[in-house]
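*Asks:* Could you have a look at this structure, given as C-alpha cells, before my questions?
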Amino acid sequence: FLIADIVLNNKKVSRNYDLYLKVEKKEDQLTYDYNKYYIFYYKEDDDRCSKMSDTAFNYAEEQQVLLKPVPIYFANISTLFLKSDVETENYIGITSSDKLVVKTPCTLLEIEDKKVTKAYIKDEDIKEALKLDERKYENYDHITKKEDQLNQKEETYYIYYYSNTCAACAKIKPLVFDLIDQGKAGKVYFIDTDKVDMASGQVPKDYIGIDDYNKIVLIVTPTLIKVSGGKVVSYATGTNLLEEFNK
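Here the sequence shown is numbered in our numbering, starting from -7 and rising by one per residue.
Given below as C-alpha cells:
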C-alpha cells in the first residue's frame, strides 16, 4: 500500500525526507547504534528517487512502531558530500564513514555491525529489500469462542490475546510471527479481543490454575497464556511476553 500523506499534530501533511531519520554528517554514516539499518541516498530533484520514495517512506513508517526495528536513514547526496569527494568504487566491506562516498542517486546501502554489507541500485532490488511485512493475524489459527479457550486438542498450547488498535501488540507482532514461523513457539492460537469480549467479569489476581474459561477475564493486550491439561499454567503481558514462549 502507499500512504500519500501522514498526520502530524492533527494536520495532514505530504510526506518528505525531512519527516524521517536523516544522516546529518558524512562521518555519521556507519555510527548508528543499531545492529542493522539502511541508508537511502537521494537527490531532491531526481525523478527516480521521487518515484522510489514511497517505498522507502512506507518501510520507515512500518519500522517506527516495532520493538526491534531495522530503521532506514535518508541521506541527501547534495548536502552530505563535497563536490570534490570521489565516489567510493566498491561500497561492500567499508567500515569507515570517511571512506564512504555515495554520489549515485537512489542508492540503498545495508549496514550491519557498522559495516556496509549490501548495496542496492536497481529499483526492483530496492523494493525487494524494503518490502513490507505482509503477514497478518488472520493467517494464523484463531479461537473465536470464549468457551473454546481451554479445550483445544493439544495437551499444551499458548493463547495470544491481541487487538488491532493495540500499540504494544504492533511493536512485537512480527517477532511473534517469526517465533511461530520458525517453529520456536510451540502451538499458538490467537484471540482477537476486538471480536471476542474478554473484558466482561472480574479480572483475576492470578491466572495460574484457572480451569474455567469464564474466569479468564483480561483488559490488557497483548496477553499470552499457556494452557496445559485444560488449565492455565503460566501467563505474561506486554512486550516482554516473548520470553514466555517455550519456557
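For every residue, glycine included, the Cβ atom is placed at its ideal position computed from N, Cα and C.
Quick check on DSSP: helix, strand or coil for Y110?
*Replies:* First, the amino acid is wrong: residue 110 is Lys here, not Tyr. Reduced to three states, the DSSP call for K110 is strand.
*Asks:* Cα separation between I86 and Y154?
*Replies:* 42 angstroms
*Asks:* With a 10 Å radius around its C-beta and 16 neighbouring C-beta atoms as the bar for buried, classify E102 as buried or exposed.
*Replies:* buried
*Asks:* Cβ-heavy atom distance between C98 and the ligand NAD below 8 angstroms?
*Replies:* Because no ligand of any kind appears in the structure shown, any question about the ligand NAD cannot be addressed here.
*Asks:* With distances taken Cα to Cα, identify the nearest neighbour of N82 among T71, E19, T99.
*Replies:* T99
*Asks:* Look at the alpha carbon of K165 and the alpha carbon of S76, and state the distance between them as a whole number of angstroms.
*Replies:* 46 angstroms
*Asks:* Would the region 24 to 31 and the region 47 to 65 be scored as touching if the rule is three or more Cβ pairs under 8 angstroms?
*Replies:* yes
*Asks:* Among T229, D38, L233, whose alpha-carbon lies nearest the alpha-carbon of T96?
*Replies:* D38
*Asks:* Between A177 and L171, how many whole angstroms is the CB-CB distance? I'm expecting something under 8 angstroms.
*Replies:* 4 angstroms
*Asks:* Reducing DSSP to helix, strand and coil, say where I183 ends up.
*Replies:* strand
*Asks:* So the alpha helix (DSSP H) V168 belongs to, where does it begin and stop?
*Replies:* 159 to 173
*Asks:* Check whether the region 41 to 59 touches the region 112 to 130, counting contact only when three or more Cβ pairs, one atom from each stretch, lie closer than 8 angstroms.
*Replies:* yes
*Asks:* Whose C-beta lies closer than 8 angstroms to the C-beta of A111 among residues of the same chain, with five residues either side of it excluded?
*Replies:* For A111, same chain residues with a beta-carbon under 8 angstroms away, outside a window of 5 residues either side, are Y83, I84, T99, L100, L101, E102 in chain order.
*Asks:* The beta strand (DSSP E) that contains I135, what's its start and end?
*Replies:* Counting along the chain, I135 falls outside any beta strand (DSSP E), and DSSP gives it neither H nor E.
*Asks:* Which of helix, strand or coil does DSSP assign to S6?
*Replies:* Three-state result, S6: strand.
*Asks:* Helix, strand or coil for Y205? Go by DSSP, reduced to three states.
*Replies:* When secondary structure is reduced to three states using DSSP, Y205 falls in the helix class.
*Asks:* Please classify V195 as buried or exposed, where buried requires at least 16 neighbouring CB atoms within 10 angstroms.
*Replies:* exposed
*Asks:* Go ahead and label L240 buried or exposed: buried means 16 or more other beta carbons lie within 10 angstroms of its beta carbon, across all protein chains shown.
*Replies:* This structure cannot speak to residue 240, because the chain is shown only from -7 to 239.
*Asks:* Please list the segments of the beta strand (DSSP E) lying wholly inside the region 17 to 50, counting only runs of 3 or more residues, in order along the chain.
*Replies:* 28 to 34
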